Structures are given as C-alpha cells and as structure tokens.
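Which chain is which? The protein sequence lines are W and A, in order.
Using the working numbering, you'd call the opening residue of the first sequence number 7 and step up by one each time.
Using the working numbering, you'd call the opening residue of the second sequence number 7 and step up by one each time.
Every residue gets a Cβ at the ideal spot worked out from N, C-alpha and C, and that includes glycine.
Remember, it's a predicted structure, so these values are computed and weren't measured experimentally.
Written below as structure tokens is the structure these notes are about.
2 protein chains.
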Amino acid sequence: MTLGSRPSAVCRLVGSMTALACVSLAPPAHSADAPPWLEPYRAPAQQLIAAARADDFAWRRLAELTDTFGPRLSGSPALEAALAWAATEMKKDGLENVRLEPVMVPRWVRGRESAEIVQPFPSPLVMLGLGGSVGTGPQGLEAEVLVVGSFDDLETRAAEAKGRIVFFNVPFTGYGPTVRYRSDGASRAARHGAVAALIRSVGPMGLRTPHTGAMNYAEDAPKIPAAALSAEDANRLQRIHDRGQRLVVRLQMEARHEADAPSANLIGEIRGREKPDEIVLLGCHSDSWDPGTGALDDAGGCIATWDVLRLVKKLGLQPRRTLRVVLFTNEENGLRGGLAYRDAHAGEDHVLAIESDGGVFPPTGFGFSGPDLARATVETIATLLAPLGADKIGPRGGGADIGPIVRAKQVPALSPDGDAGRYFLMHHTPADTVERVEPDEVSRHVAALAVMAYVVADLPGRLVP
Amino acid sequence: MTLGSRPSAVCRLVGSMTALACVSLAPPAHSADAPPWLEPYRAPAQQLIAAARADDFAWRRLAELTDTFGPRLSGSPALEAALAWAATEMKKDGLENVRLEPVMVPRWVRGRESAEIVQPFPSPLVMLGLGGSVGTGPQGLEAEVLVVGSFDDLETRAAEAKGRIVFFNVPFTGYGPTVRYRSDGASRAARHGAVAALIRSVGPMGLRTPHTGAMNYAEDAPKIPAAALSAEDANRLQRIHDRGQRLVVRLQMEARHEADAPSANLIGEIRGREKPDEIVLLGCHSDSWDPGTGALDDAGGCIATWDVLRLVKKLGLQPRRTLRVVLFTNEENGLRGGLAYRDAHAGEDHVLAIESDGGVFPPTGFGFSGPDLARATVETIATLLAPLGADKIGPRGGGADIGPIVRAKQVPALSPDGDAGRYFLMHHTPADTVERVEPDEVSRHVAALAVMAYVVADLPGRLVP
Numbered sequence: 007m008t009l010g011s012r013p014s015a016v017c018r019l020v021g022s023m024t025a026l027a028c029v030s031l032a033p034p035a036h037s038a039d040a041p042p043w044l045e046p047y048r049a050p051a052q053q054l055i056a057a058a059r060a061d062d063f064a065w066r067r068l069a070e071l072t073d074t075f076g077p078r079l080s081g082s083p084a085l086e087a088a089l090a091w092a093a094t095e096m097k098k099d100g101l102e103n104v105r106l107e108p109v110m111v112p113r114w115v116r117g118r119e120s121a122e123i124v125q126p127f128p129s130p131l132v133m134l135g136l137g138g139s140v141g142t143g144p145q146g147l148e149a150e151v152l153v154v155g156s157f158d159d160l161e162t163r164a165a166e167a168k169g170r171i172v173f174f175n176v177p178f179t180g181y182g183p184t185v186r187y188r189s190d191g192a193s194r195a196a197r198h199g200a201v202a203a204l205i206r207s208v209g210p211m212g213l214r215t216p217h218t219g220a221m222n223y224a225e226d227a228p229k230i231p232a233a234a235l236s237a238e239d240a241n242r243l244q245r246i247h248d249r250g251q252r253l254v255v256r257l258q259m260e261a262r263h264e265a266d267a268p269s270a271n272l273i274g275e276i277r278g279r280e281k282p283d284e285i286v287l288l289g290c291h292s293d294s295w296d297p298g299t300g301a302l303d304d305a306g307g308c309i310a311t312w313d314v315l316r317l318v319k320k321l322g323l324q325p326r327r328t329l330r331v332v333l334f335t336n337e338e339n340g341l342r343g344g345l346a347y348r349d350a351h352a353g354e355d356h357v358l359a360i361e362s363d364g365g366v367f368p369p370t371g372f373g374f375s376g377p378d379l380a381r382a383t384v385e386t387i388a389t390l391l392a393p394l395g396a397d398k399i400g401p402r403g404g405g406a407d408i409g410p411i412v413r414a415k416q417v418p419a420l421s422p423d424g425d426a427g428r429y430f431l432m433h434h435t436p437a438d439t440v441e442r443v444e445p446d447e448v449s450r451h452v453a454a455l456a457v458m459a460y461v462v463a464d465l466p467g468r469l470v471p
Numbered sequence: 007m008t009l010g011s012r013p014s015a016v017c018r019l020v021g022s023m024t025a026l027a028c029v030s031l032a033p034p035a036h037s038a039d040a041p042p043w044l045e046p047y048r049a050p051a052q053q054l055i056a057a058a059r060a061d062d063f064a065w066r067r068l069a070e071l072t073d074t075f076g077p078r079l080s081g082s083p084a085l086e087a088a089l090a091w092a093a094t095e096m097k098k099d100g101l102e103n104v105r106l107e108p109v110m111v112p113r114w115v116r117g118r119e120s121a122e123i124v125q126p127f128p129s130p131l132v133m134l135g136l137g138g139s140v141g142t143g144p145q146g147l148e149a150e151v152l153v154v155g156s157f158d159d160l161e162t163r164a165a166e167a168k169g170r171i172v173f174f175n176v177p178f179t180g181y182g183p184t185v186r187y188r189s190d191g192a193s194r195a196a197r198h199g200a201v202a203a204l205i206r207s208v209g210p211m212g213l214r215t216p217h218t219g220a221m222n223y224a225e226d227a228p229k230i231p232a233a234a235l236s237a238e239d240a241n242r243l244q245r246i247h248d249r250g251q252r253l254v255v256r257l258q259m260e261a262r263h264e265a266d267a268p269s270a271n272l273i274g275e276i277r278g279r280e281k282p283d284e285i286v287l288l289g290c291h292s293d294s295w296d297p298g299t300g301a302l303d304d305a306g307g308c309i310a311t312w313d314v315l316r317l318v319k320k321l322g323l324q325p326r327r328t329l330r331v332v333l334f335t336n337e338e339n340g341l342r343g344g345l346a347y348r349d350a351h352a353g354e355d356h357v358l359a360i361e362s363d364g365g366v367f368p369p370t371g372f373g374f375s376g377p378d379l380a381r382a383t384v385e386t387i388a389t390l391l392a393p394l395g396a397d398k399i400g401p402r403g404g405g406a407d408i409g410p411i412v413r414a415k416q417v418p419a420l421s422p423d424g425d426a427g428r429y430f431l432m433h434h435t436p437a438d439t440v441e442r443v444e445p446d447e448v449s450r451h452v453a454a455l456a457v458m459a460y461v462v463a464d465l466p467g468r469l470v471p
C-alpha cells in the first residue's frame, strides 16, 4: 500500500469488542517550535505506529507464549522452554546476535499449601504462600492469630506475639506503602516469637484473589512461614477478631528452596548502521510468578520490547545505533538477570535503557530519569506520539531489571506509563492472563516504545553527549 | 425518636464507601386511585422501611453467619452448626415456634482436585469439580481434549469423543442457555465414550474465577468426572486448539458421595392475630456451595427473610395471618428441603410464598406468579415501595425451595428482582462472600420484603379469595 492510497485513520474494536477506537494516520501537524532534527523522524514514526497497529501480531504472540508455557517461575522447566521458543522466534524475525547468556537463578518451589480457620469454626481460607517462604513441615502449624494493623501496632503488642500467627491486615493504599509488609512482615513477627506471618494481599480487592510476591528473611530472626490472604479473607479474620472471638488458624505449606538452577538472559539485536557499539537497551523480564501466566508481569513487556525490533527490522529502518532487547531472567525473586547483565555488559556503551514492566496498556507517555538536556530531547521525540496520546514525559523512568546497569553506568532510563489500577488488581495473582489486555492496547504500547527507541537510536548525536 | 422529630431522609455511604445514597422518609403521596384498604398500611410500611434502614443489623448478621461458619454444603458440619446458631438467634429475636424439621440430605465431598495441561507443555488450570461428580480415582486420568462449542457440535464430532476429555466451551450468554452444559454435559459426552467432561464456567469472566454447581448423570450413560474451568482457562484451551496443537489434559478429583446425612429445615413464625392458620411463607436456603461462604447464595436471602419477622416483631406489628420464615436445606444439590416441606406442610393453608434467592441487592420490584386479581393487589401494595424504587411487579415469581409447595397447592409466588450481572459474576464461586453487597443494599432488600410480606399477611381478605 502506498502512502497516497493509505486511509486517513485506523479503527478497530477494543474493550469488550463493542467499541471502536480510531487513531489518525495523518502525520502530526508540524509544530512551529519543533527543532529541525525532528523532521526526518516524522515519516518513520508514522510508519512504526501504523505497522504496530496494523494487526494484532503482538497480542497473538503474547497469547501463544502464555498459553503454551503458562507460569514461568525462575528455575522452572516452563521458563527455560519459553526462552528456547523465544530465541527461535527471534531468529525467525531476523534479529541479530540472538543469544542466551547463562545465569544461575534461585529455585523456590511452592508445593501444596492451604490455610484454614480452626476456631471459631473450621473453614478454608484463600491464600498464596509468599515467594521465598519456608514451609511449615508436613504436620503444618496451628496457632491463635494476633491481628495487627501496622508495624507500629505490632511493636505495641509485641508481648502477645509469642507462639502466635501474626496477621498484618494493612489496607492497600498503593504498592509502595504496603509491599513492605510482604517483604519484611515475617521477620518482624518472628523477632517477637511468632510462628508464622499472614498478610493482607498487596493489591485492591478482586474476586477472592490472593496476591503472592517475594518476601525476605532478616538474618537476625528465625525463618517462619509467610502467606498472603485474599482481601475478603483478611476482612473476615478482622471481623471475627473484632467480635471478640478467639481466632485460631491452621497453615500448611510445602514451600522450599531447591538448588540454584540454570537460566539465561535472552538477547537480540538490530545492529546500528553507523555506531553499532552505542546501545539503546530495551528490557523486560521473562520469569513470572507461578499462579498466573504472567501475561502482564511481564510477558507483555517482553513481547512489546521484542516487537519494537521486529517492526524496525520489518520496515527496514536500521538506525545509526544498535537496538538491543534483553529478556532478563529472575526479576521476581532474585534479580539475578539484571545483575548478571550489568556484570557482563558494563563495559559497553549504553545510550539509553528502556524497561516495560508495568503492563502493556496504552501509555499516556513515559517516565524519564536522566540529565535535563536529554529530557528535553525525549520530550521533543514524544511529540511524535501525540496521535497515540502518549506524549507526556514525567519524572522517574526505570525498571528493576535495567536498574543495575543504569545505576552502575548512569544510563538515562525510560519506562512507559502504566495503569496502576488495572495492573495491581491482577499483579502476582492467578488472574494475570492475556485476557487482562486487549489487542489494540498492546499495539499502542508497542507503537509508543518503537518510536521512542528508534528515534533515540538514530539521533545524529548521542542522547547524552 | 418520635415521628415528629424524625429526619426527612436517611443517607448512608454505599458502594466503595465514597457515595451517599439517600432515601426519603416521607410517606409517599397518596395516589388518587389508591384503594381505601391501602391507606392503613402507609404508616406500618413507613415504619418497616425506616426500621430496616435504621442500621446495618442485617448485614452484620450476614457477616457473622458467613464469617463464623463459612461454606455450608449439604451434609457438612458447618451447615448444621449454622442452623443451630440460627435457631438460637431466632428465639432471641422473639420468633415463635422456632424448630428444626429433620431432612436427610445428600453428602457430596469435593476432596482434593486439580487439572493441568500436559501437552503442549505442562501447566496448571484453574478448575472446580462439579457438584455430584464422581472422582477420577487416585491415579487421575489423562487424555487428549476434544473441544466442542455446543451439544450439536458434539453430535457432529461424536466419533472423535471416544477416550477423550470432551470440553464444552460455550460462552456465557445467560444462565438459562448455558447451565444445561453443566447439568448434562458429562452424560452427553459419556454416551460417545468420553472419559471426562470439562465445561467453561457458567458465568461471566471474573478474575480467573471458576464456578461450580450441580450436575446430573443420566441413567443410560457411564458416570465420568466433570469439572468447570475458569473463563480464562477455557479461552486458553480454545486458543491452543485453534493453533492446531495437540492438547492433552490431566484431571485428578477425589470427589465422592458419602451416605446421606441429617440436616433440617429451620422454621420460625410470628403467629397471626386473627387467622393464624393462613400462612405467608418467606423462604431461602441455608446450604451453599463449598468454595465461597455463600453470602449471596443464599445466606443473604435467609438473613433478609428472617429479618422481616424480626422487624415485624420488634415493631409490635402482629399481622392478621401468620408470617413464617423457612431456611430450607439442600437447595443446591438435591432440593430435599423444599420437597420435605411440601410433604410435611401441604395440608396447611399457604396464602403466599416469597423466596429470596437471587442476591440481597436493592430490588426494583418483584416477580409475581398467581391469579390476575392477586397480581393487582400486589401491584397496589408495591406502590408503598416507591420510596425504595422497588415498586415494579413483573412476571414470574418463585424460587427453587418454595417450588414444590407452590406447584402442589397453586400458591401465589413472589420473588424480589435481583441484579443478574452482579449475581452471576460471583454465583457458585469462591468470591461469593459478604463483600459482594453493601449494608445499605441489604437493608433496602429487607425493607421491600418486609412491606410486601406484612401487608399481604394483614390484608382484610385473602390475597386469593
């Protein structure tokens, strides 16, 4: 299809497949104050956006990955099989230097697990053990529950914790303020003699939906089992407690660590035509938690960043610098992939690092961390994303996986805005599946990433001189 | 508080606790064409509505019941403990003739269960065995999956079913058109040699939320295990199938029937002051499925119908006829309570039967089945519910539990309208908990039931002369 015969807009079904979303294919109006260097990028940006939105390829690939391999916890055969599949597919896409760089990763195994109320009357609870937790032993454990609302509350009632299951019932007000109960709750409780820790799931109420996630043991505290309850079960324990009834819970978890297992960071590139040693890095993580199929966290980010290179290749848009996609391993419970990448690649010249790990929603823009001059350039490039509504550049770009190389080498970092409400509803739950995102949303996410990555990789000068 | 000092409206927080809902306490304007017999009921109707909405007693009692005893499957100790508790509480409320009428009920036990994809790659599925299903034996079973979209589709492909797991992937278009795959799917598949049946859950997509429910075996087909998958897992199997990949699933279910167990219908009354032998029956069912705590299906209906009698008693409004609440047992998988009630009470004079088993949402009115003259009376009474927005009388009232007595004795039947969208999202799932309904909603449900039941019980003449 030539440009002359191209339709003026692309419309497709979104959401519940009953609403049409249309995006103009006309190039954005030339702003009076746009710098001359931007002009040559209007056409390729338009091409990239149109190509990303021409079909649902990225969504279908995301579905194929998550359908075929399912959850991909570090150390699992599923993760390694998914990586082997992705490497083969990358080569088919024409990416260069496709390689699996070995990384040893922790292998935590959930095993069977359950929790139930024993008093006031036996009844099952919906729970997920926290990643990294020890198990209860085959006999399980049973104890009266101490309900607390905060770490301060626990300290006030420390004398009551001995021999109890401490339950942190902290309402979800955002990930930052509540995730520390998941990370640190067990050791905080164990220091006061608790035999196990329960938390209210770190997320908004779903449909009896528990959220897992990593926890850590402090060195100065006994290791006690830790699990998350659904918000409804958390409410239930709170109400039983508030009625003055004695509350006894039984917990059984087979959770254990096995020996570290081999995994890998998967890397693919489009080598730069002029400055191949200058790298624009696009990152995501290949591992997921085990209850869902990790479509949003973070298979979607991997498919999207990888799709940037696929589209650039398909359109024959070889940029001046190298575009490199890295599917990092073991973000969820170890960050071994990000650390190994830093150690192996710190000697290379990274111009920019982008991470997509907040769900493949249509971004309203990007967060950016880096020098002001680079921010101004990124803001100018973002004007090309106005047709997608993705032209806002906010503070704080980055991501867990790119974090080590970004910090080690002061690499500017960019990350697409997410939709925190939708993201944390499914985050680390069984509900993280490809149904959580529509094909058109993934395409718009890819389009925004593609324009940003391609233009930075092709700029006449470095993003940070 | 005297009427003179009463505020003109009651407002309280609803929904996410951020919105105010206000209902006028002023008596409805007297309609020019309202019959004279209605006038004496304006004041008690107003009293009942105000009393129901004065506090969150009904919601708190619903929470206490479902929190304390949890799921109440027929034959379980939890159901019997809940009934004993309810009988004691009813007596405390001042209800008369509180009694447990013994009923033997089936006892189906789920046991442990799981399903997983074996090919194209091992991965767990989210499932719930169907109530009444046989188990798989301790070794489980593993077979290639035949995906069909309807019973007709199965018949067309009958030759492929032998030795397979037949998966009925029928989109939820409403309970009526899809529940037959849950009821009959296993025997339909077994007739063609299938080794197990899977269905797409009968309900809209939740958050990887499976729906259980009763299934039945036909006498002419082998009994094969049957389970429901979450909508997301159903989609996943369909997509794998559509990609042309060989799909093998492994199913393990300990499900079994044990010997029938003793249970009971719980009955409480307010005896009529003039015609105590004429009965207005309010019904609900005490049993629930086992994954959730059965707050909407149907503890809510029980708390609401029971609360009608509590409020009538509390306000000293003894009607001419007897108000009787029956918490029927075993609605979900046997209907033994409804059948036993019919057998024991068919000789009594039932003026009207009301059932609440569609969720304790604020009704927009009632469905009614009965003679036209009675319908006109019910429509007139419903004008008293205009302040609640519950004044519409539609076709088809009734309920599973009251069904046997209604059919045996041609009793007029009434049932509050529900909210099918919200109801079927949580229906027979782990998410059926008290969080699904707000205190103010339960109060409005109670208020509508109370006015309707009280006025019919107190009418000068019978509803059906």
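Buried or exposed by the 16-neighbour rule on C-beta atoms within 10 Å, applied to residue i
{"i": "Glu441 of chain W", "result": "buried"}
{"i": "Ala60 of chain A", "result": "exposed"}
{"i": "Ala240 of chain A", "result": "buried"}
{"i": "Gln416 of chain W", "result": "exposed"}
{"i": "Glu280 of chain W", "result": "exposed"}
{"i": "Gly117 of chain A", "result": "exposed"}
{"i": "Ala49 of chain A", "result": "exposed"}
beta-carbon residue i near the ligand HEM non-hydrogen atom, thresh 8 Å
{"i": "Gly81 of chain W", "result": "Among the components modelled here there is no ligand, and therefore nothing to report on the ligand HEM."}
Proximity to residue i [Cα-Cα], best of the options
{"i": "Gly364 of chain W", "options": "W:Gly306, W:Ala196 and W:Pro210", "result": "W:Gly306"}
{"i": "Ala192 of chain W", "options": "W:Pro228, W:Ser207, W:His217 and W:Thr162", "result": "W:Pro228"}
{"i": "Ile205 of chain W", "options": "W:Gly117, W:Arg214, W:Leu44 and W:Ser236", "result": "W:Ser236"}
{"i": "Cys308 of chain W", "options": "W:Gln52, W:Ala88, W:Ile55 and W:Glu45", "result": "W:Ala88"}
{"i": "Pro369 of chain W", "options": "W:Gly155, W:Glu337 and W:Asp425", "result": "W:Asp425"}
{"i": "Val461 of chain W", "options": "W:Val332, W:Ile285, W:His291 and W:Glu354", "result": "W:Ile285"}
{"i": "Phe430 of chain W", "options": "W:Gly135, W:Gly376 and W:Asp304", "result": "W:Asp304"}
{"i": "Asp266 of chain W", "options": "W:Arg67, W:Trp65, W:Pro83 and W:Trp312", "result": "W:Pro83"}
{"i": "Leu253 of chain A", "options": "A:Arg245, A:Ala463 and A:Arg277", "result": "A:Arg245"}
{"i": "Asn175 of chain W", "options": "W:Ser156, W:Arg186 and W:Glu166", "result": "W:Ser156"}
{"i": "Gly376 of chain W", "options": "W:Leu394, W:Gly395, W:Ile399 and W:Thr389", "result": "W:Ile399"}
{"i": "Ser129 of chain A", "options": "W:Phe374, W:Leu101, W:Gly146 and W:Leu85", "result": "W:Leu85"}
{"i": "Pro268 of chain A", "options": "A:Lys97, A:Pro42 and A:Val109", "result": "A:Val109"}
{"i": "Lys319 of chain A", "options": "A:Val384, A:Asp99 and A:Arg450", "result": "A:Asp99"}
Supposed close pair residue i, residue j - CB separation, criterion 8 Å
{"i": "Leu243 of chain A", "j": "Phe173 of chain A", "result": "6 Å"}
{"i": "Arg330 of chain W", "j": "Glu275 of chain W", "result": "5 Å"}
As assigned by DSSP and simplified to three states, the class of residue i
{"i": "Met133 of chain A", "result": "strand"}
{"i": "His291 of chain A", "result": "strand"}
{"i": "Asp313 of chain A", "result": "helix"}
{"i": "Pro34 of chain A", "result": "For Pro34 of chain A, the pLDDT reaches just 48, beneath the cut-off of 50, and the residue's location in the model is therefore unreliable, leaving the point undetermined."}
{"i": "Ser207 of chain A", "result": "coil"}
{"i": "Arg249 of chain W", "result": "coil"}
{"i": "Leu152 of chain A", "result": "strand"}
{"i": "Arg194 of chain A", "result": "helix"}
{"i": "His433 of chain W", "result": "coil"}
{"i": "Arg163 of chain A", "result": "coil"}
DSSP bridge partner residues for residue i (one or two, in chain order)
{"i": "Leu483 of chain W", "result": "Here chain W comprises residues numbered 7 to 471, so residue 483 of chain W is not present and cannot be evaluated."}
{"i": "Lys398 of chain A", "result": "A:Gly371"}
{"i": "Glu122 of chain W", "result": "W:Pro130 and W:Arg256"}
{"i": "Ala453 of chain A", "result": "Partner(s): none; Ala453 of chain A has no beta bridge."}
{"i": "Trp91 of chain W", "result": "DSSP, once it has assigned bridges, lists no residue as partnering Trp91 of chain W."}
{"i": "Pro445 of chain W", "result": "Bridge partners of Pro445 of chain W: none, in fact."}
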